Every structure is written in C-alpha cells, then in structure tokens.
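Peer 1: Heads up, the sequence shown is in numbering that gives the first Met the number 0, so the first residue is 0 and it goes up one at a time.
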Amino acid sequence: MQHGQSFRILALGDSYTIGEGVLPEHRWPNLLAEYIRTAGISCEVPVLIAQTGWTTDELQDAFIAEKLNPHVDVITLLIGVNNQYRGQDPSVYRRSLASLFQVIRSSYPKTLLLVLPIPNWGQTPFASGRDRAKITSEIKEFNQINREQAIQFGALWIHELEMEAEVVPPAEWIVEDGLHYTNKVYTQWARVVYDTWCTENFSSV
C-alpha cells in the first residue's frame, strides 16, 4: 500500500465471490474489508470481477477487458466450480487455470494473490438426486490443481477453508437456492483469510 492511500482489494471469481443470494455488504470480500477497517486500516470497497456461472476462461476474458487500477494491495481468487459443474476434464481445467494465473501475474507480478478452495457443493441440497460422491471427488481433484497452480505462481493457498468432504452444511448456512451460502459462512471465510494473512502483515502496511 502506497503511503497515504487506502488498502485496495481486487476480488476475482464467480457466484461465491459476489455472494449469490446475500446482500452486497455480506459478500466475503466486503466482510474482509470490514475486518481490515476494524484493525484501524483505511480500506476501500473491494473491486469485484465476478459473475454467477463464470468459468476460468470467462473470468480471464473479463479481467482482460477491465480497466483496473495498477495499485492493488491484495488479489483474491475463487474460481473453478463451474468448470467442474460443466464436466470439464481436469487436464483442460489445469491449462485454463494456468492461463488465468499468467494473465493476472502479467498485470500484477508482485501483488499478493490469495487463492481460496472451491466449495464442495456436492453436500448441499442442490445436489439432491445427483452423485454426491462423484461431485465431491471431482471438487477434491480440482482443488488439488488449484493448490498446485497457486504454489507455482507464487500465490497463498488458503487451505484452512477446505471443507471436510463428508460434512453436510446446516440449513442456516445455505440460502434459498439450496446451493450458495449465507453471510454466516462468508463471515467465517473473511475471518479465516484475515487471520491467515492480514494479521501478520498490517504492521508493515
């Protein structure tokens, strides 16, 4: 963060980043910004490049098209669930994710990049009547790719948010669509990200 400027967050992703089914102030990047402000740090409203249904390729296209501020303090990335949902082969996903990382790094070579794991929607009500075990296995494989790519491109993998495969989320965690999360979950995500990285870095911000 440059002297005299507010902290800037760029959040990239899909429906989990925009908080499908919750108010804007309950999106997890916005909640993260609140934690930062609570620490006494001025923080702008996060810039979101995210849309429900996006895959890695669609996010990459949107990122390239966006005129972004060159001064960003942290970038968050949560993507891949729609690649899995559409039945994309893991090898194809690996290539498309690597391409996305390359594009991000070409614009922000030294900016801290935080990568969140894909949530396991196989245990949500939305997955009723589907092969939950298959979904869970595929999400696990995609998250392994995410972790490997994050390490390769110098990003921080937030492994603490990998949900246990067999855990069925309680009803109060899920919004009316039976798939996406409530602010209870997004608050947890924001707190984990804050505790994992932010608390160790604000002394030097």
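Beta carbons: idealized from backbone N, C-alpha and C, even for Gly. Computed from a predicted structure; not experimentally measured.
Can you check which of these residues, Leu155, Val71, Gly177, Pro168, is closest to Cys42 by C-alpha distance?
Peer 2: The residue with the shortest Cα to Cα distance from Cys42 is Val71.
Peer 1: Rounded to a whole number of angstroms, what is the C-alpha to C-alpha distance between Ile157 and Gly128?
Peer 2: Cα to Cα, the separation comes out at about 31 Å.
Peer 1: In the DSSP output, what is Phe6 paired with across the bridge?
Peer 2: Beta-bridge pairing links Phe6 to Cys42.
Peer 1: Would you check if the stretch 95–114 and the stretch 171–183 touch, i.e. whether three or more CB-CB distances between them fall below 8 Å?
Peer 2: No, because fewer than three Cβ pairs between the stretch 171–183 and the stretch 95–114 fall closer than 8 Å, the two stretches do not touch.
Peer 1: Could you please give the first and the last residue of the uninterrupted alpha helix (DSSP H) stretch that includes Thr55?
Peer 2: 55–64 is the extent of the alpha helix (DSSP H) around Thr55.
Peer 1: Which residue's Cα is closest to the Cα of Leu58: Glu140, Ser98, Gly121?
Peer 2: The candidate whose alpha carbon is nearest that of Leu58 is Ser98.
Peer 1: List the whole-angstrom C-beta distance separating Ile117 from Leu11, where the pair is believed to meet the contact cut-off of C-beta under 8 Å.
Peer 2: Actually they do not touch by this definition, with Cβ atoms about 14 Å apart.
Peer 1: I'd like to know if the stretch 22–35 and the stretch 88–95 are in contact, where contact means that at least 3 CB-CB pairs between them fall below 8 Å.
Peer 2: Contact fails: fewer than three Cβ-Cβ distances are below 8 Å.
Peer 1: According to DSSP, simplified to helix, strand and coil, what is Val91?
Peer 2: In the structure shown, Val91 sits in a helix (DSSP, three-state: H, G or I).
Peer 1: Using DSSP's beta-bridge definition, name the partner residues of Thr51.
Peer 2: DSSP output for Thr51 lists no bridge partner at all.
Peer 1: By alpha-carbon positions, which one of Asn68, Gly121, Lys133 ends up nearest to Ile8?
Peer 2: It is Asn68 whose Cα lies nearest to the Cα of Ile8.
Peer 1: As a quick exercise: from Glu19, Gln4, Phe6, pick the residue whose alpha carbon is nearest that of Ile173.
Peer 2: The shortest Cα separation from Ile173 among Glu19, Gln4, Phe6 belongs to Glu19.
Peer 1: Apply the 10 Å Cβ neighbour rule to Leu22 and answer buried if 16 or more other Cβ atoms are within range, or exposed otherwise.
Peer 2: Per the 10 Å Cβ criterion, exposed.
Peer 1: Gly128: beta carbon under 6 Å from a heavy atom of the ligand ATP?
Peer 2: With respect to small molecules bound, the structure shown includes none, and the ligand ATP cannot be examined in it.
Peer 1: Pull up the CB-CB distance for Gly52 and Asn81, whole angstroms please, since I reckon it's below 8 Å.
Peer 2: Sure, about 6 Å apart at Cβ, within 8 Å.
Peer 1: Please tell me whether Gly62 and Ile48 are closer than 7 Å, where the distance is taken between their beta carbons.
Peer 2: Note that residue 62 is Phe in the sequence shown here, rather than Gly. In this structure, Ile48 lies closer than 7 Å to Phe62 by Cβ.
Peer 1: Please identify the residue among Leu76, Gln4, Glu24 whose C-alpha is closest to the C-alpha of Asn145.
Peer 2: Residue Leu76 is the option with its Cα nearest to Asn145.
Peer 1: Should Glu24 be labelled buried (16 or more other beta-carbon atoms within 10 Å of its own) or exposed?
Peer 2: Counting Cβ neighbours within 10 Å, Glu24 comes out exposed, since fewer than 16 surround it.
Peer 1: Please report how far the alpha carbon of Ser90 lies from the alpha carbon of Phe141, in whole angstroms.
Peer 2: So the two alpha carbons sit approximately 10 Å from each other.
Peer 1: Can you tell me which of the three DSSP states Gly121 falls into?
Peer 2: Note: Gly121 maps to helix in three-state DSSP.
Peer 1: According to DSSP, is Ile157 part of a helix, a strand, or is it coil?
Peer 2: Coil.
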